[in-house]
Amino acid sequence: MKISKIFEFDAAHMLDTHDGKCRNLHGHTYRLEVTLSGSLLQGGPKDGMVCDFADLKSSVQQWVLSRFDHAFLYDARNPHEAELGRLLEGWGRKTLALPCRTTAENLAVHIFESLCQHKLPVSAVKLWETPSSCVEYTGDSA
54 MKISKIFEFD AAHMLDTHDG KCRNLHGHTY RLEVTLSGSL LQGGPKDGMV
104 CDFADLKSSV QQWVLSRFDH AFLYDARNPH EAELGRLLEG WGRKTLALPC
154 RTTAENLAVH IFESLCQHKL PVSAVKLWET PSSCVEYTGD SA
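All letters in the sequence shown, in the order written, are residues 54 to 195 by the working numbering.
And the structure:
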């Protein structure tokens with residue numbers, strides 16, 4: 054059985070060494086779909102559920118949205134992006150340093166792994182960077 058819930062968050066980023074316009078600082082309204090899979094719970098207040106949607110919402114809020122929403126997402130390994138991150142942090146602005154380029158693909162992997170670390174039975178993360186462009190990560194490297 055699979056269940057999914059959709060979320061939105063806004064964030065800024067840049068792809069410093071990109072060969073197109075995304076090398077400039079810009080933002081997106083991301084749409085995030087988190088899919089869980091598992092057996093139906095038996096007995097108790099969650100009987101017949103894979104996961105209570107309210108519990109899923111709370112988990113994604115705590116471990117993803119609270120960190121990503123209205124933040125400058127940057128690759129901590131990139132000197133230009135890290136310098137901009139430090140400048141914004143010095144001004145008390147919200148940032149999130151990541152160990153990778155902030156492509157939609159890498160963000161989906163990061164979100165997937167973060168939720169799995171918190172023991173959610175995640176089977177897929179789908180992330181829309183624009184209304185017509187999305188990536189899906191299912192935990193495999195293919």
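Just so it is clear, CB atoms sit at the ideal spot from N, CA and C, and this is done for glycine as well. Just so you know, these numbers come straight off a predicted model, no measurement behind them.
Residue interval of the alpha helix (DSSP H) (run including residue i)
i: residue 187; result: Unbroken run through residue 187 is the beta strand (DSSP E), 186-190; no alpha helix (DSSP H).
i: residue 259; result: Missing from the structure shown is residue 259; the chain here goes from 54 to 195 and no further.
i: residue 163; result: 157-170
Cβ neighbour criterion (16 or more within 10 Å) applied to residue i
i: residue 142; result: exposed
i: residue 161; result: buried
i: residue 163; result: buried
i: residue 154; result: buried
i: residue 124; result: buried
i: residue 186; result: exposed
i: residue 191; result: exposed
i: residue 196; result: Coverage of the chain is limited to positions 54 through 195, which leaves residue 196 absent and any answer about it impossible.
i: residue 119; result: exposed
i: residue 112; result: buried
Beta-carbon proximity list for residue i, same chain, < 8 Å, skipping 5 on both sides
i: residue 89; result: 55, 56, 57, 103, 104, 109, 173, 174, 175 and 176
i: residue 75; result: 67 and 68
i: residue 135; result: 127, 128, 129 and 150
i: residue 70; result: 76 and 131
i: residue 182; result: 81, 83, 157 and 188
i: residue 106; result: 56 and 58
i: residue 92; result: 54 and 103
i: residue 62; result: 82, 83, 85, 117, 118, 121, 122 and 123
Span of the beta strand (DSSP E) around residue i
i: residue 178; result: 175-183
Own chain residues within Cβ distance below 6 Å of residue i, not counting five before or after
i: residue 158; result: 188
i: residue 85; result: 60 and 180
Own chain partners of residue i with C-beta closer than 7 Å, once the 5 adjacent residues on each side are dropped
i: residue 78; result: 65 and 67
i: residue 116; result: 167, 168 and 171
i: residue 100; result: 94
Where residue i sits in the DSSP three-state scheme
i: residue 110; result: helix
i: residue 55; result: strand
Alpha helix (DSSP H) runs contained entirely in the segment 114-146, provided each spans 4 or more residues: 132-143
Ordered list of beta strand (DSSP E) runs contained in the segment 61-93, each at least 3 residues: 79-90
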